[in-house]
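Chemist: Residues 1048 to 1377 (this note's numbering) are what the sequence shown spells out, left to right.
Backbone N, C-alpha and C define an ideal beta-carbon position, used for all residues, glycine too.
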Amino acid sequence: MPPGPFISSNSKVVILLDSKSFSILFDVSKVEKKDLFTGTYMPSTKLTGGYRVLSYLDPSEPNHSKLKQLFLSLMHSQSEYIIPDFRTSFGELFDTLESKLASKCKVNFDAPTGGLNEKACFNFLARSWLSTNPTNTEFGDGAPSKILPWFLFIVAPIAPVSLPCFLEDPLLHTFRLPPCLLKRGYQELYNFFYTNACGILDQGEKMGIKRDEVCHNLLLFVRFNAFTGMKAHFPNIKKKDQSLRFKDTKASVIYEVLRLDPATPFQYAKAKTDLVIEKHESAFQVKQGEMLFGYMPIVTKDPKVFERAEEFVADRFVGVEGEKLLKYVV
């Protein structure tokens, strides 16, 4: 697995490609997840304020459960605002689109460094999670231009970017990109969150987590999980718009989209002890400390679990039998 030897000390992995063997990756009695979110390397903590943030913590570490509880609490407390804020943010987006198209006949809708779509996505997240409209603050609408470079620095060692391999491998998969290039933009984002997230920072402090550690974790939660998740998966869900019109299949359609295009395609863990891992038809042994790698786009199309595994089936997860399949997706 990428990246190369100057970033990763050991790129060897044991690949798990069926549903039965894949489940071992989530059995924390047999595997550990410490510093494995991005696989055989861990990005510099300078990209996350000097902290090992939630994605890199093993469930056995004290702050893992605290931070997870904190963000679940945030989502619960803000849930009533999500739909209204979504309508407001994207209503403004379409008003702006109509205005610009009427005056200029063209518009920058979707651009990695900050088209109207990216700005609307961040405005929605800031409103729903922080109860703040960034366009009404000194921060303005510049967040996407700071988020996308940061995301690139995190995933560059493993992400394909459609460059010729003789350029992509030496430029991105062999040496780390220097975090100092993002220091100013990251600090501006941090200041915005630190100023406008007082409620969750206070709550985290009461739970025994440092205030700035909560803020850096919140930055990751909003930028990596929420912002890039919206960018990646909203278009796929929208493609199935006709299926979403039927109330009984709405949840099933979303699960089916995630089955065909998993939110986190790569899953990693390390064996705590020597293990025997069972597949559908056989078993194999792995040694303590060996890296296990599950590739979800293949696992979630396992033909021994899913009928017509390569096809989109809107009602796949409807009913009692359909619900039994959810454990293979979420």
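What residues in its chain sit with their C-beta under 7 Å from that of Val1078, if we drop five residues either side in the sequence?
Modeler: Ile1071, Leu1072, Ala1316, Lys1317, Ala1318, Lys1319, Leu1339
Chemist: For Val1388, tell me which candidate among Phe1141, Ile1324, Gly1162, Asn1170 has the shortest Cα-Cα distance.
Modeler: With the chain covering only 1048 through 1377, there is no way to say anything about residue 1388.
Chemist: Would you kindly report the start and end of the unbroken beta strand (DSSP E) that includes Tyr1315?
Modeler: 1313-1318
Chemist: Find out if the Cβ-Cβ distance for the pair Phe1364, Tyr1342 is shorter than 8 Å.
Modeler: no
Chemist: Three or more C-beta pairs under 8 Å: does that hold for the stretch 1211-1221 against the stretch 1091-1102?
Modeler: no
Chemist: Between Leu1140 and Tyr1237, what straight-line distance do the alpha-carbon atoms span, to the nearest angstrom?
Modeler: Their Cα atoms are separated by approximately 25 Å.
Chemist: Extract the residue ranges of the alpha helix (DSSP H) inside the stretch 1217-1280, only unbroken runs of 4 or more that lie entirely within it.
Modeler: Listed in chain order, they are 1230-1243, 1245-1253, 1258-1267.
Chemist: Could you round the C-beta distance between Glu1357 and Lys1351 to whole angstroms and report it? I think they count as a contact, below 8 Å.
Modeler: Rounded, the Cβ-Cβ distance is 14 Å, inconsistent with contact.
Chemist: Using a Cβ-Cβ cutoff of less than 6 Å, which residues in the same chain neighbour Glu1337 once the five nearest sequence positions on both sides are dropped?
Modeler: In chain order, Val1061, Ala1318 place their CB closer than 6 Å to the CB of Glu1337, counting only its own chain and leaving out the 5 sequence neighbours on each side.
Chemist: In terms of DSSP beta bridges, what is Leu1210 paired with?
Modeler: Leu1210 is not bridged to any residue.
Chemist: How long is the line joining the alpha carbons of Val1367 and Arg1306, rounded to whole angstroms?
Modeler: 18 Å
Chemist: Got a sec? Which residues, its chain only, sit under 6 Å from Gly1232 by beta carbon, not counting five neighbours each side?
Modeler: Lys1193
Chemist: Look up Tyr1342 in the DSSP assignment and give the residues it is bridged to.
Modeler: Note: Tyr1342 sits in a beta bridge opposite Phe1313.
Chemist: Between the beta-carbon of Ala1273 and the beta-carbon of Leu1177, is there less than 8 Å?
Modeler: no
Chemist: Ignore the nearest five residues each way along the sequence and tell me which others in Gln1234's own chain have a CB closer than 6 Å to its CB.
Modeler: none
Chemist: For Phe1213, count the other beta carbons within 10 Å of its own beta carbon; 16 or more makes it buried, fewer makes it exposed. Which is it?
Modeler: exposed
Chemist: Return the CA-CA distance between Ser1146 and Cys1227, expressed in angstroms with no decimal places.
Modeler: 39 Å
Chemist: What is the residue span of the alpha helix (DSSP H) that Ile1324 lies within?
Modeler: Element bounds for Ile1324: not the alpha helix (DSSP H) but the beta strand (DSSP E), 1322-1325.
Chemist: Can you tell which of Gly1086, Ser1091, Lys1067 has the C-alpha that lies nearest to the C-alpha of Ser1058?
Modeler: Here the closest residue by C-alpha is Gly1086.
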